[in-house]
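Note that the sequence shown covers residues 3 to 108 in the numbering used here. Beta carbons: idealized from backbone N, C-alpha and C, even for Gly. The structure appears right after this line, and notes come after that.
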Amino acid sequence: IAEHEGKQIYTDIDKIILSGNGDTLRIPLVMYQRSNKNTCMHQKSRVQRGKCIIKGQVLTDGATTLGGELALGKNVLVAYMPWEGYNFEDAVLISRRLVYGDIYTS
């Protein structure tokens, strides 16, 4: 989030450089870094080169944000039930639409 108004003078996959108030600010971006939960952290710049930036504007998107808003995924109704006689940690999705519509296909 931008701390003050300015202008983006340079953007790259690993940094954003802003100018404003007579200062130049370099903001490093996280690129495919491992988190404590063994997931991948990655940030992408949201502003274009040469554009003016206002205070409080979101500058990057990450794994859990899209367009500056929280985007954690989709809610799904599930039922826990035995699967072929096993009764521990087995879950079956109850929606044909999820299967046929490839909603959760990676």
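Anticipated Cβ contact below 8 Å, residue i with residue j, distance rounded
| i | j | result |
| --- | --- | --- |
| residue 10 | residue 18 | 6 Å |
| residue 76 | residue 105 | 7 Å |
Residue(s) in a DSSP beta bridge with residue i
| i | result |
| --- | --- |
| residue 62 | 47 |
| residue 28 | 19 |
| residue 75 | DSSP output for residue 75 lists no bridge partner at all. |
| residue 9 | 21 and 54 |
| residue 67 | 72 |
Between the CA atoms of residue j and residue i - distance to the nearest angstrom
| i | j | result |
| --- | --- | --- |
| residue 113 | residue 23 | The question about residue 113 has no answer here: the residues shown for the chain are numbered 3 through 108. |
| residue 57 | residue 107 | 39 Å |
| residue 48 | residue 39 | 26 Å |
| residue 73 | residue 12 | 27 Å |
| residue 25 | residue 52 | 16 Å |
| residue 15 | residue 86 | 48 Å |
| residue 101 | residue 66 | 24 Å |
| residue 43 | residue 98 | 32 Å |
| residue 36 | residue 5 | 27 Å |
| residue 79 | residue 30 | 39 Å |
| residue 27 | residue 8 | 10 Å |
| residue 59 | residue 32 | 18 Å |
Residue-chain proximity (residue i, chain C), Cβ-Cβ < 9 Å
| i | result |
| --- | --- |
| residue 69 | Checking the listed chains, one finds no chain C in this structure; it contains a single protein chain. |
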